[in-house]
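Convert by adding 219 to the 1-based position in the sequence shown; the result is the number in this note's numbering.
Written out below as structure tokens is the structure these notes cover.
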Amino acid sequence: MRYQSLSSDVYKTNRSNFMDQMKQRSIAVFFSNDIYPTSADGTLPFKQASDILWLTGVDQEETIL
């Protein structure tokens, strides 16, 4: 794992704080970062979008929440 593992309570609190900021009857959609090519054969190392990581701790490519 590339990131320090945190307690699930941290992510629950982050999501609760985020939802408290949202307007009634609204939705939020989050996309993971793309995998960026450096050449025809190579890519940069994947780094998760900070919003998904902050809300869920998920470190997976091609994620949509």
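Backbone N, C-alpha and C define an ideal beta-carbon position, used for all residues, glycine too.
The segment 254-281 is shown to contain no whole beta strand (DSSP E) run of 3 or more residues.
DSSP, read as helix, strand or coil, puts residue 250 in strand. The count of Cβ pairs closer than 8 Å, one atom from the segment 277-284 and one from the segment 246-265, reaches three, so the stretches are in contact. The alpha-carbon of residue 260 is positioned some 21 Å away from that of residue 279.
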